[in-house]
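In the working numbering, the protein residues as written are 18 to 502. Below is one structure, written out as structure tokens, with a few remarks after it.
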């Protein structure tokens, strides 16, 4: 009887594990998880019994200090080291965990450039031009509302597209969206990520320490040389990556850029060729058969000690027959989508709402401009307008071609999904307005977060409605066309 609860508990755990694995395989799962985390963050930031704890946890200092005894007379210390300086829980999430996120983004961009939708000029031209238009138009709209005000530096916030939400909505839409448009939007979002990375690197870093930056670039050059010489062992890239992060962090370049830089130098080619894998796997399989019952005892369970060695060697060769870039992208995918990004959302989407008027983002004044209107209209109108006009121009100039089996109405509907900024927009918001006083900076950042959430939600709803309407009309036309003929 005692075994029944244990069996029930084990069966329940197994079912839960199986259910979570099935959930994480769904293309919309990451977007749904992030949306849930936004709700959790807003509750934590506003419930009376959690809001103080929420802020206290994010502001908790994580720096390590090494101090020698203080001089009794002067109070000074010979050794007084703090590393990393100013490292709170919030900074740890934004400057360390997000490095992993940007690293996976870099791996994804590299894969698409080498062998994906950005691998040839003809393939890359439309998404890249569309992404460029989708960044310039929102930045221009934001600037129209905020030029000459304290909020002018936030123009980069509405320029990004969140690929997780966009892909999630398209998955829910099913076959209403042509496959060619799905591929186009994903490629555009990847090109958009690259643009957002450049924006952060060029416009949202701190004061540059050229000495530290120079050392970092020397290490990067050594990594590049190792890559060109054919080095494919992970440790020779992991250790320098930590050094590059450290140098970027103290050089004034945003530390997350170290993840992108390192991703571009991770080898895609496998360490072992197909022929080598086949030859060695065949050899070790032969040895496994020879080592059966080699310990001299009948009934020795498989695998015995020599067989385990052979299996380990086969596993090692199999792992290294896949490029390091692919292995890392696969290994980090779930950790980023269901670990790092939800943690980032909980840490950055929580805005304390003192009263309902805080949601009124449609206000403007001479000193602070209107972060809310700039971001909201930048995402909702600027994104689809910029993507569509830039793509239309590319087609007219003959440097791009419209995705197959798509209409301009459906193109505009899908372009609306490009207005879902979220992750990257919240990230840029956390880096913006730092030239202002702390009170003004936090006020503008909070207004920015609310506008990002409202703008992204509105863009997602608008895109979904337009896709549904245009797909119905297209089906009606397809049904009616045989009759007219």
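Virtual Cβ for every residue (Gly too), placed ideally from N, Cα, C. Predicted, not measured: the structure shown is a model, and the values here were computed from it.
Asked                                                                                                                                 : Found
Close beta carbons around residue 217, own chain, < 6 Å, minus the five adjacent residues each side                                   : 271
Opening and closing residue of the beta strand (DSSP E) in which residue 83 lies                                                      : 81-84
Residue 469 to residue 246 span [Cα, whole Å]                                                                                         : 45 Å
Which listed residue (369, 177 and 115) has its alpha carbon closest to that of residue 58                                            : 369
Three-state secondary structure (DSSP) of residue 56                                                                                  : helix
Distance CB(residue 114)-CB(residue 212) smaller than 8 Å                                                                             : no
Assigned exposure category for residue 327 - 16 Cβ within 10 Å defines buried                                                         : buried
8 Å Cβ cutoff met for residue 356 and residue 287                                                                                     : no
Within 8 Å, strictly: CB atoms of residue 174 and residue 442                                                                         : yes
Distance CB(residue 190)-CB(residue 482) smaller than 8 Å                                                                             : no
Contacts around residue 87, its chain only, beta-carbon distance under 8 Å, and the 5 residues preceding and following it disregarded : 93 and 94
Beta-carbon contacts of residue 195 that lie in its chain and below 8 Å, excluding the five residues immediately before and after     : 420, 421, 422, 423 and 427
Exposure of residue 377, with buried meaning 16 or more beta-carbon neighbours within 10 Å                                            : exposed
Per-residue DSSP class, three states only, for residue 502                                                                            : Residue placement at residue 502 is flagged as unreliable, the pLDDT there being 45, under the threshold of 50; a coordinate-derived value is accordingly withheld.
Residue 462 and residue 447 closer than 8 Å at C-beta                                                                                 : yes
C-alpha gap between residue 401 and residue 436, whole angstroms                                                                      : 7 Å
Residue 130 to residue 295 span [Cα, whole Å]                                                                                         : 29 Å
For residue 392 and residue 169, the rounded distance between their alpha carbons                                                     : 12 Å
Rounded straight-line distance, which links the Cα of residue 69 to that of residue 205                                               : 40 Å
Contiguous alpha helix (DSSP H) assignments of at least 4 residues, all confined to the stretch 392-468                               : 400-413, 425-434 and 440-448
Residues that DSSP places opposite residue 97 in a beta bridge                                                                        : 84
Residues near residue 35 in its chain [Cβ-Cβ closer than 7 Å; skip 5 each side]                                                       : none
Residue 133 (DSSP reduced to helix, strand or coil)                                                                                   : coil
Residue 367 in three-state terms, based on DSSP                                                                                       : coil
Reference residue 177; option with closest CA among 439, 62 and 360                                                                   : 439
For residue 78: DSSP bridge partner residues                                                                                          : 105
Enclosing alpha helix (DSSP H) for residue 66 [first to last residue]                                                                 : Counting along the chain, residue 66 falls outside any alpha helix (DSSP H), and DSSP gives it neither H nor E.
8 Å CB neighbourhood of residue 76 in its chain, flanking five on each side removed                                                   : 105, 106 and 107
Span separating the alpha-carbon of residue 459 from that of residue 473                                                              : 21 Å
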